[in-house]
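Colleague:
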Amino acid sequence: GVPFWYYSDDSLQRQWIAGATESQLKVFGRLHLKLMKEMDAYLGLRGSDNPFDLADIDPKQLQRNRLLYRKPVYSDQLVKHSRWCVLRFPNNAMAQLAEMSQEKFEQFYYDVCCLDYAKMSKAMDPLVKLMEKTDRVRLVSPGTDLTFSIKGIPVIKCDGINNIPDGEVFTAPVKESINGAITFNAPSLVEGVTFEKVSLKFKNGKIIEAACQSQTERLNRILDTDPGARYTGEFALGLNPFVRHPMKDTLFDEKIAGSLHLTPGACYDEAPNGNHSAIHWDMVLIQRKDYGGGEIWFDGKLIRNDGVFTDAALEKALSAKALKAR
């Protein structure tokens, strides 16, 4: 094969997004889409010196970049039609977000990324089978009482093939089935802005109210990117035993043991529910006791309580002790 490299610096990306015209973004997107279509595989090695570089960019420019560059190149082509794997490389900025020393973060990073994924993959199988035969899901936590259906939607295990770190099982809600409210207790860093305590209210699948601690206007701007941004495209359970606390990096936070995430925006082709959008925003709710607890119900049966599976066989296979064992 012929390796084709592309380097993007955050500070240059900031200047580009801030100043590019709509026509420039369209040309940029078309060129990168053509390149992506020519590639047999994509390996993304990502790390940021300052994850807040985009914090003060005009939200309209960020929206244009999402619609004209990121959606056609990454959401529509890379994710759907390419072989790919994305990972972060450890650096001081990540250690700071995780509130760890560099030395402690390095150990955490390699523990998380070097999990025995073959073992985890096998352990996920019973959960996949359970979700495949489930119709109604109910989520209960502080600020949360949400119901929806996952009937007929494929269930996919994420076991180290496309992402490192990995460790989740996902599907998607039937598009118009979600009703109720949910409050996410993990902060989310998107386009340089931290969103905390995001609360969403749903009616027949659509987000009809959205608020957060200090960025409600910006939150709603993102959810107004396109019609699909106010519907959801993914529901998943996090299972990585080494990831215990949020670090404002979705690639890690969505894998937190005892967590779940619900995703405004586009669905994946592997678990299609018919929702299309330029965004795919994984919002994380941790249900362990140390984060306030919570329950997951499948078809009226309690499946997970305070982050622990109530089924003995599931808990034995997917507990932190089992997955960490060598």
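Numbering (my numbering), first residue to last: 4 to 329. Glycine included, every Cβ here is placed at the ideal spot set by N, Cα and C.
1. Please tell me whether LEU81 and MET39 are closer than 8 angstroms, where the distance is taken between their beta carbons.
2. The alpha helix (DSSP H) that contains ASN68, what's its start and end?
3. Can you pull the DSSP bridge partners for GLU298?
4. Given a threshold of 16 other Cβ atoms within 10 Å of its Cβ, counted over all protein chains shown, does GLY155 qualify as buried or as exposed?
5. Residues in its own chain within less than 6 angstroms of ALA274 by CB, not counting five upstream and five downstream?
6. Cβ atoms of MET250 and LEU100: under 8 angstroms apart, would you say?
7. Reducing DSSP to helix, strand and coil, say where VAL177 ends up.
8. Quick one: is the Cβ of TRP87 within less than 7 angstroms of any heavy atom of the ligand COA?
9. Rounded to whole angstroms, what is the Cα-Cα separation between ALA58 and THR197?
10. ILE225 lies in the alpha helix (DSSP H); which residues open and close that run?
11. I'd like the span of the beta strand (DSSP E) that includes TYR45, first residue to last.
12. For SER262, which residues in the same chain have their Cβ closer than 6 angstroms to its Cβ, ignoring the five residues on either side in sequence?
13. Once the 5 residues before and after LYS74 are set aside, which same chain residues still bring their CB inside 7 angstroms of it?
14. Would you tell me roughly how many angstroms separate the C-alpha atoms of GLU179 and ILE185, rounded to the nearest one?
15. List the endpoints of the continuous beta strand (DSSP E) containing LYS136.
16. Rounded to whole angstroms, how far is the Cβ of THR313 from the Cβ of ASP285, which I believe are closer than 8 angstroms?
17. Is the stretch 231 to 247 touching the stretch 312 to 327, taking contact as three or more C-beta pairs under 8 angstroms?
18. Give me the Cα-Cα distance between LEU192 and GLN216, rounded to the nearest whole angstrom.
19. What whole-angstrom Cβ distance do ALA269 and SER51 have, given they're in contact under 8 angstroms?
20. Straight-line CA distance for GLU189 to ASP309?
21. Under a three-way DSSP split, which group does ALA189 fall into?
22. Alpha carbon to alpha carbon, how far is THR150 from ASP138? Give it in angstroms, no decimals.
23. Can you confirm whether the stretch 118 to 127 touches the stretch 290 to 297 when touching is taken to mean that 3 or more C-beta pairs between the two stretches lie within less than 8 angstroms?
24. Does DSSP classify HIS84 as helix, strand or coil?
25. Shortest alpha-carbon distance to THR228 belongs to which of ASN53, ASN68, LEU34?
26. Taking only three categories from DSSP, how would you classify PHE111?
27. Have a look at PRO129 and ASN207 and give me their C-alpha separation to the nearest angstrom.
28. If you draw a straight line from the alpha carbon of PRO62 to that of ALA23, how long is it in whole angstroms?
29. Got a sec, what are the start and stop residues for the alpha helix (DSSP H) HIS35 sits in?
30. Leaving out five residues on either side along the sequence, give the residues of the same chain with a beta carbon under 7 angstroms from the beta carbon of ASN95.
Modeller: Judging by the given coordinates:
1. Using a Cβ distance threshold of 8 angstroms, LEU81 and MET39 count as a contacting pair.
2. 62 to 68
3. DSSP lists VAL143, ASN308 as partners of GLU298.
4. exposed
5. The residues are ILE156, PRO157, ILE159, THR174, ALA175.
6. yes
7. coil
8. With respect to the ligand COA, the structure offers nothing, as it holds no ligand at all.
9. 9 angstroms
10. 219 to 226
11. 44 to 49 is the span of the beta strand (DSSP E), which, as asked, contains TYR45.
12. Only residues of its own chain outside the window of five on either side were considered, and among them GLY241, VAL287, ILE289 have a CB closer than 6 angstroms to the CB of SER262, listed in chain order.
13. ALA281
14. 16 angstroms
15. Taken as a continuous stretch (DSSP letters only), LYS136 belongs to no beta strand (DSSP E), as it is neither H nor E.
16. No, THR313 and ASP285 are not in contact; Cβ-Cβ is about 25 angstroms, not under 8 angstroms.
17. yes
18. Approximately 13 angstroms, taken between the alpha carbons.
19. The pair is not a contact, with the Cβ atoms about 23 angstroms apart (cut-off 8 angstroms).
20. Checking the sequence shown, residue 189 turns out to be Ala, not Glu. Those two C-alpha atoms are separated by around 15 angstroms.
21. coil
22. 11 angstroms
23. no
24. Taken through DSSP and simplified to helix, strand or coil, HIS84 comes out as helix.
25. ASN68
26. Note: PHE111 maps to helix in three-state DSSP.
27. 30 angstroms
28. Approximately 13 angstroms between the Cα atoms of the pair.
29. For HIS35, the enclosing alpha helix (DSSP H) has its first and last residue at 25 to 41.
30. GLN105
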